[in-house]
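First residue of the sequence shown? That's 484 in the numbering used here, and the numbers climb one at a time after it.
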Amino acid sequence: MALTRLGVSTLRAVKESGSIYRYATQCVASQKFGTMKNENQEDDDENKPIKFSTSPAASWKAQDTFFINNDERPWYQPYVISASLSVFMIYFLVLREENDIDRLFDRDLYDHIEGLEEQHIREAQQYAIQLEAKQAS
Numbered sequence: 484m485a486l487t488r489l490g491v492s493t494l495r496a497v498k499e500s501g502s503i504y505r506y507a508t509q510c511v512a513s514q515k516f517g518t519m520k521n522e523n524q525e526d527d528d529e530n531k532p533i534k535f536s537t538s539p540a541a542s543w544k545a546q547d548t549f550f551i552n553n554d555e556r557p558w559y560q561p562y563v564i565s566a567s568l569s570v571f572m573i574y575f576l577v578l579r580e581e582n583d584i585d586r587l588f589d590r591d592l593y594d595h596i597e598g599l600e601e602q603h604i605r606e607a608q609q610y611a612i613q614l615e616a617k618q619a620s
């Protein structure tokens, strides 16, 4: 009986809030902050600007987002990363055999695209003519 009542009240709350997402965020907020706002208060709060100095974002530092404390990082991590990158670079730049894709990169771009060289020459000539006209005036 109590379980049915809980299910009915949950469905009613979801229906009143308009979406299950809104209801879920309200539940999480009520668990996190200890209060549950009704829909009218929430609409009023959404329309009001948030004062930065009193929000939790004012005390948040960018360093907390991008850097890991040295206490959380194992002492050997920089050595493992350096060794892994060194092995990769030695393999990729020294030991690896040249393949057909590498040979394609060695070729000139004009060999890959027909008519590109002529178009490039025409554009360079037009640019030179425009530059001479600007300098003459």
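Just so you know, even glycine gets a beta-carbon here, dropped at the ideal spot from N, CA and C. Just so you know, these numbers come straight off a predicted model, no measurement behind them.
Same chain, Cβ closer than 7 angstroms to residue i, neighbours up to 5 away in sequence not counted
| i | result |
| --- | --- |
| Glu600 | Tyr593 |
| Phe535 | Ala541 |
Proximal residues to residue i (C-beta, below 8 angstroms), its chain only, five neighbours per side dropped
| i | result |
| --- | --- |
| Leu614 | none |
Under the three-state DSSP convention, the category residue i falls into
| i | result |
| --- | --- |
| Lys515 | Reliability of the predicted coordinates at Lys515 is poor, the pLDDT of 49 falling under 50, and no value is obtained from them. |
Cβ neighbours of residue i in the same chain (closer than 6 angstroms, five flanking residues each side left out)
| i | result |
| --- | --- |
| Leu587 | none |
| Gln618 | none |
Exercise for the section: Output the residue ranges of the alpha helix (DSSP H) runs that lie fully inside the stretch 517 to 598 and measure 4 residues or longer, sorted by chain position. Expected result: 522 to 530, 545 to 549, 560 to 573, 583 to 589 and 592 to 595
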